[in-house]
Structure formats: C-alpha cells, structure tokens
Amino acid sequence: MKAKNKILGPRALKKFVENERAAGKKIVFTNGCFDILHAGHVSVLEFSRAKGDVLIVGMNSDASVRRLKGPTRPVNTQADRALVLAGLESVSAVAIFEEDTPYNLIKAVCPDVLVKGGDYKPSEIVGREFAKKVVRFALLKGRSTTNIIKKVSK
242 MKAKNKILGP
252 RALKKFVENE
262 RAAGKKIVFT
272 NGCFDILHAG
282 HVSVLEFSRA
292 KGDVLIVGMN
302 SDASVRRLKG
312 PTRPVNTQAD
322 RALVLAGLES
332 VSAVAIFEED
342 TPYNLIKAVC
352 PDVLVKGGDY
362 KPSEIVGREF
372 AKKVVRFALL
382 KGRSTTNIIK
392 KVSK
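Below you can see the structure in the form of structure tokens.
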C-alpha cells in the first residue's frame, strides 16, 4: 500500500476502524507532533505496533503544533510529516487532528490499547477512558525534536 493511502480523514478512519475491528484485529493508538522524525519516534511506534495488530497514529496539525510548540514550529508541514509517518512499516494509518489534544480522535477510535510516553502520569493521559488498556513507553533519553533543533542551530 502506498504511504499516501494510509493518511485517513474522519470518514475513512471510521470505516478503517470498523473493518479492522470486524476482522478481530487489536487496535493500538498513539499520537504526537512528529515534527522531525528521530530514533525516539521510531522506537515508540514499533513498541506501540507490537501491542496489537493495527497502529493508528494521531498527528497534530500545523496549527496545533504552533499553539503547543510556538510560532517557529513545525519545521515540516503536516502533509510531509503525515507522509513520512505513513511510510513506516509499523504505522497502519495516520489521522491528523486540529485540536491541541487527540481526545476526540481517541473517542472516535476507542482503541484496545492507548500508548503514551512515560513522561505523562496515567491521570494526565488524554482519552484514557476510551481505551481498554493504557500503556506508557519509556522515552529514549536525549531524543527529542527540540534537542535536534537546538543542536542544528548551534
């Protein structure tokens, strides 16, 4: 499947989830900005995929990233970020969300497993009430888009 075909709008995502669930597949969800893809991102995506059969990645839109990270972000456009994510073997589908959190997206998907970074306390994980199980992932030390930007800017 071509990467661009794994980037789904709301209707296509709903149908995708229905089909995968009907096939008895275990659906995993994770999310992030994925501005400059790095080893930490690949690790969490592979970890997430290993928790089920299908990995849906919620990705912040450009406007959402700007609100969360500041006016100089994102470095890469949402179209480019989504295509790079969709091109990864571990990713089954990418859904872009405009809000600051993926709450509505998680509510729509109702994943079997919700994966979030270990920097979040369980009580802080948005949408946890819609998932059957919540799993936290230990982040790779020193791996972040912010650190990459700082290093390149020196």
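Letter by letter, the sequence shown follows residues 242 to 395 of this note's numbering. Think of the CB as a built atom: it goes at the ideal place given N, C-alpha and C, for glycine as much as any other residue.
C-alpha of Thr313 to C-alpha of Asp303: approximately 11 Å in a straight line. By the neighbour-count criterion, in which a residue is buried when 16 or more other Cβ atoms sit within 10 angstroms of its Cβ, Leu355 is buried. Inside the segment 296 to 322, DSSP marks whole alpha helix (DSSP H) runs of 4 or more residues at positions 303 to 310, from first to last along the chain.
One Cα belongs to Arg308, the other to Asn272, and the distance between them is close to 16 Å. As summarised for the segment 317 to 380, the continuous alpha helix (DSSP H) elements at least 4 residues long and confined to that stretch are 319 to 327, 344 to 350, given in chain order. Nearest to Cys274 by alpha-carbon distance, out of Leu286, Ile268, Lys292, is Leu286. Of the other Cβ atoms in all chains shown, fewer than 16 fall within 10 Å of the Cβ of Lys373; this residue is therefore exposed.
For the pair Met300 and Leu278, the CB atoms are not nearer than the 8 Å cut-off.
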